[in-house]
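Participant:
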Amino acid sequence: VVGDSAGGSAKQARDREYQSIMPLKGKILKTWEVSSDEVLASQEVHYISVAIGIDTDSADLIQLRYGKICILADADSD
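Each residue of the sequence shown is one higher than the one before, counting from 1 in the UniProt record's numbering.
#1: Does the separation of the CB atoms of ILE71 and ILE28 fall below 8 Å?
#2: Use the C-beta contact count for LEU24: other C-beta atoms within 10 angstroms, 16 or more gives buried, fewer gives exposed.
#3: Give the straight-line distance between the Cα atoms of ALA41 and THR31, rounded to the nearest whole angstrom.
#4: Less than 8 Å between the beta carbons of ILE48 and LEU64, yes or no?
#5: What would DSSP say about LEU72, mapped onto helix, strand or coil?
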């Protein structure tokens, strides 16, 4: 969740048993506009990767903690 507005609404609307909220700070990279090295160097991308259980040494996705991920953002232009 990016932004306080998105975070507050998401926390109220989620199903706590199956859904988790992770607040993010700063601006998320537009990954189609930067190199893969820049994406992997991003602290926010790193936090997301750790939270969902990505193992960079394995292509096995069965170990991921979540089956779906939604990134919610507020309407600010920043």
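Cβ atoms here follow ideal geometry from the backbone N, Cα and C, with glycine treated the same way.
Facilitator: On the basis of the coordinates in this document:
#1: Yes; because the gap between Cβ atoms is below 8 Å, this pair is in contact.
#2: Buried: at least 16 other Cβ atoms inside 10 Å.
#3: Take the alpha-carbon of ALA41 and the one of THR31: they are about 12 Å apart.
#4: no
#5: coil
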